[in-house]
Amino acid sequence: DTGVSQNPRHKITKRGQNVTFRCDPISEHNRLYWYRQTLGQGPEFLTYFQNEAQLEKSRLLSDRFSAERPKGSFSTLEIQRTEQGDSAMYLCASSPQGVYEQYFGPGTRLTVT
Amino acid sequence: AQSVTQLDSQVPVFEEAPVELRCNYSSSVSVYLFWYVQYPNQGLQLLLKYLSGSTLVKGINGFEAEFNKSQTSFHLRKPSVHISDTAEYFCAVSKAGGTSYGKLTFGQGTILTVHP
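Dropping the structure here:
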């Protein structure tokens, strides 16, 4: 069990640029979640997948955000035309079907300058 | 919708002293409850969970929590803390069942600092 991995761990980008993050869940976990955590706050739900289907998106996920999980394995989160308010830690988590606890990755810290 | 309030943003305590981190939640439906710990530059690690059954749940590293439905609370306790317990602790809830099960709503976090 190698755990949930996320890449890159850190990303610095200029306002207006596009960025993409990757999450590799624990093998055979069919549920995958994305959360965003800003300084001094708890994580906030963004979206989740069951296999390749995106089942729910938060209102926090504006049109500039898109997430995919094309083969039901890894997932990508893309932010287009980044803004300074997008600076945060982006966390990915996975869980097996029917299990309520989630296993979190180390996160990708995004800084928009 | 669910919401979680962690009543203390920071809790300083001396090593070997007991500690309680407080968590209250609000929900119109049945929920499951969790405590996660986050060490610096790391992801969240599950400490313990309440799904059903005994309202006193025990987790890893000597932590325990008690679910109180009437007071809508899920406070985390440890009888004797170590320096290594210094971290940020998050209380979280998820709706019990339904199509959105598993989606977590987190509190703002409590930073526990253990002093020698």
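Listed in order, the protein sequences are those of chains A and B.
Take the first sequence: its letter number 104 is residue 108 in the working numbering, and every next letter is one higher.
Take the second sequence: its letter number 106 is residue 137 in the working numbering, and every next letter is one higher.
Even glycine gets a Cβ: it sits at the ideal position worked out from N, Cα and C.
All of these numbers come straight from a predicted model, not from anything done at the bench.
Problem set entry | Where Ser115(B) falls: helix, strand or coil (DSSP) | helix
Problem set entry | Reduced DSSP secondary structure (H/G/I, E/B, other) of Asn92(B) | helix
Problem set entry | Neighbour list for Tyr63(B) in chain A, Cβ cutoff strictly below 7 Å | Tyr104
Problem set entry | Near-chain B residues of the segment 37–56 of chain A (beta-carbon distance less than 8 Å), N- to C-terminal order | Tyr37, Tyr39, Gly44, Gln45, Gly46, Pro47, Glu48, Phe49 and Tyr52
For this session: Have a look at Tyr67(B), Lys126(B), Leu77(B) and Val44(B) and flag the residue whose alpha-carbon is nearest the alpha-carbon of Gln37(B).
Result: Tyr67(B)
For this session: Within the same chain, show all residues whose beta-carbon is closer than 8 Å to that of Thr144(B), passing over the 5 residues directly before and after it, in chain order.
Result: Gln41, Val42, Pro43, Val44 and Thr117
Exercise. Roughly how far, in whole angstroms, is the beta-carbon of Gly46(A) from the beta-carbon of Gly140(B), given that I think they are within contact range, below 8 Å?
Worked result: 5 Å
Problem set entry | Supposed contact pair Leu82(B) and Tyr63(B) - C-beta distance, whole angstroms, cut 8 Å | 5 Å
Problem set entry | Chain-ordered chain C contacts of Gly76(A) [CB-CB under 7 Å] | Among the protein chains of the structure shown, namely A and B, there is no chain C.
Exercise. Any chance the CB of Ser115(B) is under 8 Å from a heavy atom of the ligand ZN?
Worked result: The ligand ZN is not part of this structure, which contains no ligands at all.
For this session: Look at Arg68(A) and Arg40(A) and say whether their C-beta atoms are less than 9 Å apart.
Result: no
For this session: Determine, using beta-carbon pairs with one atom in the segment 102–112 of chain A and one in the segment 46–55 of chain B, whether at least three such pairs fall under 8 Å.
Result: no
Exercise. Cβ atoms of Met93(A) and Thr24(A): under 9 Å apart, would you say?
Worked result: no
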